[in-house]
Amino acid sequence: AGFFGALCATVGVVLPSFIIILLIAALVSGLMKFAGVQAFLGGLRPVVIGLVLATSVTMFLTVVLSLQTLPSKVHFDWRALVILGVLTVFALLFKKFRKKSASPILLILLSAGLGALLYAI
């Protein structure tokens, strides 16, 4: 359904999760004063890091190296490598000059723009 169909689909996928996280954050903020809740959330941190790392490795293997299965051949996607390189340099320069990390939203928007530009060619 074109642009508006894509927009509706994106909102339909993102909005329920956003509302649920917003409600959980409102409930958990009052519980943060308890040591048990802090210990529980502290224990979740390594799990979340592991999940993000596993997703990153999987995305790198499938997008950049085009590996779908183990015996498949490696094909470098130069566009994905360019996007990765630009994002890495941007994040490092941002941290050096601004003395703080770049916003993930800014990096996502930059990668979306680069993807639209490079994959439209």
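In terms of my numbering, the sequence shown opens at residue 1 and continues consecutively. We put the beta carbon where it would ideally sit given N, CA and C, even for glycine.
With a threshold of 16 other CB atoms inside 10 Å of the CB of residue i, please say whether the residue is buried or exposed.
i	result
ILE19	exposed
ALA80	buried
For residue i and residue j, which I take to be in contact (beta-carbon distance under 8 Å), what is that distance rounded to the nearest angstrom?
i	j	result
ILE83	LEU107	Incorrect: roughly 11 Å between the Cβ atoms, too far for contact.
LEU67	LEU61	5 Å
LEU31	VAL37	5 Å
Look up residue i in the DSSP assignment and say whether it is helix, strand or coil.
i	result
PHE60	helix
SER66	coil
ILE105	helix
VAL37	helix
LYS100	coil
Residue i and residue j: beta carbons closer than 9 Å?
i	j	result
LEU114	LEU92	no
LEU65	VAL74	yes
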